[in-house]
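To start, the structure under review is shown below, and the notes come after it.
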Amino acid sequence: MQFFFLDQVLSYLSGNIGIDLGTANTPVYVKGKGMQLNEPSYVAIDNVSGKVVAVGARAKEMHGRAPGHISVIRPLRDGVIANFEIAYQMLKYFLGKVSSLKNSIPPRVIVGVPSDVTPVERRAVSEATVCAGARKAYLVEQPLAAAIGADLPVVEPVGSMIVDIGAGTTEIAVIALGGIVVSHSLRVAGDEMDEAIVYYLRKMRNLLVGERTAERIKIAIAGIDPEARVLEMQVRGRDLLTGLPRSILTNTGEIRESLLEIARSIVDGVKMTLEETPPELLSDILARGIVLAGGGGLLRGLPEVIGRATGVPVRLAPDPLFAVLNGAGKLLDSPSLLRQTVLRENHRW
521 MQFFFLDQVL
531 SYLSGNIGID
541 LGTANTPVYV
551 KGKGMQLNEP
561 SYVAIDNVSG
571 KVVAVGARAK
581 EMHGRAPGHI
591 SVIRPLRDGV
601 IANFEIAYQM
611 LKYFLGKVSS
621 LKNSIPPRVI
631 VGVPSDVTPV
641 ERRAVSEATV
651 CAGARKAYLV
661 EQPLAAAIGA
671 DLPVVEPVGS
681 MIVDIGAGTT
691 EIAVIALGGI
701 VVSHSLRVAG
711 DEMDEAIVYY
721 LRKMRNLLVG
731 ERTAERIKIA
741 IAGIDPEARV
751 LEMQVRGRDL
761 LTGLPRSILT
771 NTGEIRESLL
781 EIARSIVDGV
791 KMTLEETPPE
801 LLSDILARGI
811 VLAGGGGLLR
821 GLPEVIGRAT
831 GVPVRLAPDP
841 LFAVLNGAGK
851 LLDSPSLLRQ
861 TVLRENHRW
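Note that my numbering has the sequence shown beginning at 521, numbered continuously upward.
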């Protein structure tokens, strides 16, 4: 009891934090202050000394441009930690940036994780977060956090459906009464879209482009609805026939061809989740619609394609890129919501 009371006192003296630990980006929320940081999930390492050269935006800028003795690493893959040591270094840097230097009391941290993580993967996230400076780490499933961030009535006796398309995973879930009723986690998301664009341009246009260029193409002109407006973009890369720099003009129609298979996988995942949903909750979802979140949810035409395939209305979350982070923030600001969702599956806050 004394330890519990002490922990409660410490919670008021320290700034509790929410983190959307993402494959591509990691935004950080501080209780009472809102989002204080949003940086790419990249770390640059000197291969000779083993020291960290850069983290976040500076490290991403070095990707594809660094000399041979520097490796630029993304410590997460498919939404989970692939390199523990590098993930720890990245989290330590991010927590250090948002924590007050005068505040020596470590914060408690809520971290979003995919819904299908294994116990080993969950433990890796918890340990990396604590090693990085957290007093305690509490894990919340990303689709639940995204639904909270999208203002869905997650603790009510009604069904809500969220499709959160990040960089590493697509999280599809039906939520009611504070928990996930049905869910599927697909290893098909934004990174695979970038890879598909790279592959298409290499195969069909004999042009080699990097991942960052593919990401810019995706954001600027990509879409999968054949009825959508066609956009064009000038793209620079290496001609695979001559080895020399070359510039081409590509458009939404071309890029759509590269993304169709990925879109089908996401649609199939949504349909499979609906097929497994209890009938009473299905009627709620039909009335309330499906909510898209995450950067992948911004893909032009995706709401329309999912809507036509399922017969269910689809809409974007109010702040799709930061739905998970906003959900973590609301959990930090609402102890009752925290108790009804995350903490019934974790230890006491």
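Glycine included, each C-beta is placed from N, C-alpha and C at the ideal position. Computed from a predicted model, the values in this text were never measured in an experiment.
If you count every other CB in all the chains shown that lies within 10 Å of the CB of residue i, and 16 or more means buried, which is it?
{"i": "Ala807", "result": "exposed"}
{"i": "Gly576", "result": "buried"}
{"i": "Asp804", "result": "buried"}
{"i": "Gln754", "result": "exposed"}
{"i": "Pro798", "result": "exposed"}
{"i": "Leu533", "result": "Model confidence at Leu533 stands at a pLDDT of 36, short of 50, so the residue's coordinates are unreliable; what they give is reported in the following sentence. Leu533 comes out exposed."}
{"i": "Glu781", "result": "exposed"}
{"i": "Lys617", "result": "exposed"}
{"i": "Pro587", "result": "exposed"}
{"i": "Asn536", "result": "buried"}
Could you spell out the range, first to last residue, of the alpha helix (DSSP H) harbouring residue i?
{"i": "Asp788", "result": "Thr772 to Glu795"}
{"i": "Val645", "result": "Pro639 to Cys651"}
{"i": "Gly730", "result": "Counting along the chain, Gly730 falls outside any alpha helix (DSSP H), and DSSP gives it neither H nor E."}
Have a look at residue i and residue j and give me their C-alpha separation to the nearest angstrom.
{"i": "Leu779", "j": "Ile717", "result": "7 Å"}
{"i": "Leu621", "j": "Leu615", "result": "In this prediction, Leu621 has a pLDDT of 46, which is less than 50 and means its spatial position is unreliable; nothing more can be read from the coordinates."}
{"i": "Gly554", "j": "Arg766", "result": "44 Å"}
{"i": "Asp684", "j": "Val675", "result": "19 Å"}
{"i": "Cys651", "j": "Ala748", "result": "48 Å"}
{"i": "Asn545", "j": "Pro560", "result": "4 Å"}
{"i": "Lys723", "j": "Leu596", "result": "28 Å"}
{"i": "Pro627", "j": "Thr649", "result": "10 Å"}
{"i": "Thr770", "j": "Glu752", "result": "6 Å"}
{"i": "Val629", "j": "Gly688", "result": "22 Å"}
{"i": "Arg820", "j": "Ile744", "result": "6 Å"}
{"i": "Glu800", "j": "Gly710", "result": "32 Å"}
{"i": "Gly816", "j": "Met713", "result": "9 Å"}
Which residues does DSSP pair with residue i in a beta bridge?
{"i": "Leu541", "result": "In the DSSP output, where bridge partners are listed per residue, Leu541 has none listed."}
{"i": "Pro673", "result": "Paired residue(s): none; Pro673 is not in a bridge."}
{"i": "Gly688", "result": "According to DSSP, which records beta bridges pairwise, Gly688 is partnered with nothing at all."}
{"i": "Gly743", "result": "Arg820"}
{"i": "Met724", "result": "According to DSSP, which records beta bridges pairwise, Met724 is partnered with nothing at all."}
Start and end of the beta strand (DSSP E) containing residue i?
{"i": "Arg758", "result": "Glu752 to Asp759"}
{"i": "Leu659", "result": "Lys656 to Glu661"}
{"i": "Glu559", "result": "Gly554 to Pro560"}
**Prompt:** If you scan the stretch 800-859 from start to end, which runs of the beta strand (DSSP E) of 3 or more residues do you find wholly inside it?
**Reply:** Along the length of the stretch 800-859, whole beta strand (DSSP E) runs at least 3 residues long occupy 810-813 and 834-836, reported in chain order.
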